[in-house]
Amino acid sequence: MHPEDKEKTAFICPLGFFEFNRMPQGLTGAPATFQRLMEKTVGDMNLIEVLVYLDDIIVFGKTLEEHEQRLEKVLKRLHEEGLKLSLEKCQFCLPSVTYLGHVVSAEGVSTDPRKLEAVASWPRPRNVTELRSFLGFCSYYRRFVGGFAKIAQPLNKLLQKENTEEGCKASDRNPSAPGPRKARESIQGEWTSQCEGAFLKLKESLTQAPVLAYADPHKPYELHVDASREGLGGVLYQEYGGLLRPVAYVSRSLTPSEKNYPTHKLEFLALKWAVVDKLKDYLYGAEFVIKTDNNPLTYVLTTAKLDATGHRWLAALSGFRFSLKFFIEKTLHYRMDSVNSRRGASFVSRSRAPGQGRDRSGGHRSHGCGRS
Numbered sequence: 001m002h003p004e005d006k007e008k009t010a011f012i013c014p015l016g017f018f019e020f021n022r023m024p025q026g027l028t029g030a031p032a033t034f035q036r037l038m039e040k041t042v043g044d045m046n047l048i049e050v051l052v053y054l055d056d057i058i059v060f061g062k063t064l065e066e067h068e069q070r071l072e073k074v075l076k077r078l079h080e081e082g083l084k085l086s087l088e089k090c091q092f093c094l095p096s097v098t099y100l101g102h103v104v105s106a107e108g109v110s111t112d113p114r115k116l117e118a119v120a121s122w123p124r125p126r127n128v129t130e131l132r133s134f135l136g137f138c139s140y141y142r143r144f145v146g147g148f149a150k151i152a153q154p155l156n157k158l159l160q161k162e163n164t165e166e167g168c169k170a171s172d173r174n175p176s177a178p179g180p181r182k183a184r185e186s187i188q189g190e191w192t193s194q195c196e197g198a199f200l201k202l203k204e205s206l207t208q209a210p211v212l213a214y215a216d217p218h219k220p221y222e223l224h225v226d227a228s229r230e231g232l233g234g235v236l237y238q239e240y241g242g243l244l245r246p247v248a249y250v251s252r253s254l255t256p257s258e259k260n261y262p263t264h265k266l267e268f269l270a271l272k273w274a275v276v277d278k279l280k281d282y283l284y285g286a287e288f289v290i291k292t293d294n295n296p297l298t299y300v301l302t303t304a305k306l307d308a309t310g311h312r313w314l315a316a317l318s319g320f321r322f323s324l325k326f327f328i329e330k331t332l333h334y335r336m337d338s339v340n341s342r343r344g345a346s347f348v349s350r351s352r353a354p355g356q357g358r359d360r361s362g363g364h365r366s367h368g369c370g371r372s
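Encoded structure:
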């Protein structure tokens, strides 16, 4: 630490007065400061030869020779910056690694089985706090679950009711003399069969989540979108070995005003939201096909009479290159309406998929932790 900053870490204990000479990990700015150091050390290699998140470093390569060259380069950089590695926490030349709760391999990205063990044995939430904890954990893996918002809707309604009640209590309270916050109330009396079904379905969907393929910018994308009164959903696919493999699942619930939209407008909203708001990083600059089961939606770019909102959505979509196709349910591998039943997982291939340049070719990887 800089000499002028050491006094900011001073503390007193029975043994005397102390100041830190090196930055402790408990400081508020410690993570950001350490990340800046790592970016300075291997920033020119990040996303090209390595992945860096705080003290987690992944070195990847298409071949063993390339992997060894990059690994040697990283070790040299760390040595020059005075950073040390804990050998016990390092793993070398692995075909797959666990990184930030995900398993990264040549096949694609999947959920970490060790993390999902907690989901399989998760007890039924008894109060709002426990329910928030469960939904928060599940939301971290929502991109692996088709129709996540639709499945979790009964559980989210319990949270919305709690927030509404708290808001009413806060408005009735005297601002100059706020009372103590009430403890979280039990939800046992409001736990319906729909809530139980949603709870079990989320657990099942996460424990059976498919392996998501790596997005390949040289392959065409296929986006399936759908909407219902329960929410919006979409699945982005690419073809590998004659099979459509999911790259990403997206979904959300509807706002109160959106629930009043007619069917064709809801379908248009699902299309615009999936392309512009959620999957822009994949689709911008690429040519792709959008498939929908709503035939009128296929005319939205040509002869449709749109209101002001529709014209704004159309303007937002004007920067993308895509074509709209109507499909019949029997001809489709996967239908968004049945996404909750996980029938889409039946055609997910676990074969070795071509990568997206860089590390996505699925070569050798090393996983290490840098310590100062």
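Quick note on the UniProt record's numbering: the sequence shown kicks off at 1 and runs consecutively. We put the beta carbon where it would ideally sit given N, CA and C, even for glycine. Nothing here was measured: the structure is a model prediction, and the numbers come from that model.
For residue j and residue i, believed in contact at Cβ under 8 Å, the rounded distance
| i | j | result |
| --- | --- | --- |
| Ile151 | Leu206 | Ile151 to Leu206, Cβ: 10 Å. No contact. |
| Ile290 | Leu223 | 5 Å |
| Thr9 | Pro31 | The pair is not a contact, with the Cβ atoms about 16 Å apart (cut-off 8 Å). |
| Val128 | Glu185 | 7 Å |
| Leu271 | Thr298 | Not quite, the Cβ-Cβ distance comes to about 10 Å (not below 8 Å), so this is no contact. |
| Tyr221 | Phe288 | 4 Å |
| Arg245 | Gln238 | 6 Å |
| Gln69 | Leu54 | Not quite, the Cβ-Cβ distance comes to about 25 Å (not below 8 Å), so this is no contact. |
Residues that DSSP places opposite residue i in a beta bridge
| i | result |
| --- | --- |
| Asn127 | Ser186 |
| Tyr261 | DSSP, once it has assigned bridges, lists no residue as partnering Tyr261. |
| Ala248 | Leu236 |
| His218 | None, per the DSSP bridge assignment. |
| Ile151 | Answer is none; Ile151 lacks a bridge partner. |
| Ser323 | Val289 |
| Asp227 | The residue asked about is misnamed: residue 227 is Ala in this sequence, not Asp. Paired residue(s): Leu232. |
| Ser110 | Val103 |
Backbone secondary structure at residue i - three-state DSSP
| i | result |
| --- | --- |
| Ile48 | coil |
| Pro31 | helix |
| Gln194 | helix |
| His102 | strand |
| Gln208 | coil |
Alpha-carbon to alpha-carbon, residue j and residue i
| i | j | result |
| --- | --- | --- |
| Tyr16 | Thr41 | Sequence inspection shows Gly at residue 16; the Tyr mentioned does not correspond to that position. Taking the straight line joining both Cα atoms gives about 36 Å. |
| Lys6 | Phe20 | 6 Å |
| Cys138 | Glu4 | 44 Å |
| Gly231 | Leu266 | 9 Å |
| Lys115 | Ser121 | 11 Å |
| Tyr284 | His218 | 13 Å |
| Asp281 | Val50 | 20 Å |
| residue 455 | Val97 | Nothing can be reported for residue 455, as the shown portion of the chain is limited to 1 through 372. |
| Val103 | Ser110 | 5 Å |
| Phe134 | Pro125 | 8 Å |
| Tyr240 | Gln208 | 21 Å |
| residue 411 | Asp226 | Outside the displayed span of the chain (1 to 372) sits residue 411, for which this structure offers no information. |
| Val300 | His264 | 10 Å |
| Arg142 | Thr302 | 34 Å |
| Glu258 | Gln188 | 30 Å |
Taking one C-beta from the stretch 304-324 and one from the stretch 247-255 each time, how about it: are there three or more such pairs within less than 8 Å? no
Cβ contact check for the stretch 29-47 and the stretch 76-85: 3 or more pairs under 8 Å: yes
Are at least three pairs of beta-carbons, each pair with one atom in the stretch 226-243 and one in the stretch 141-157, less than 8 Å apart? yes
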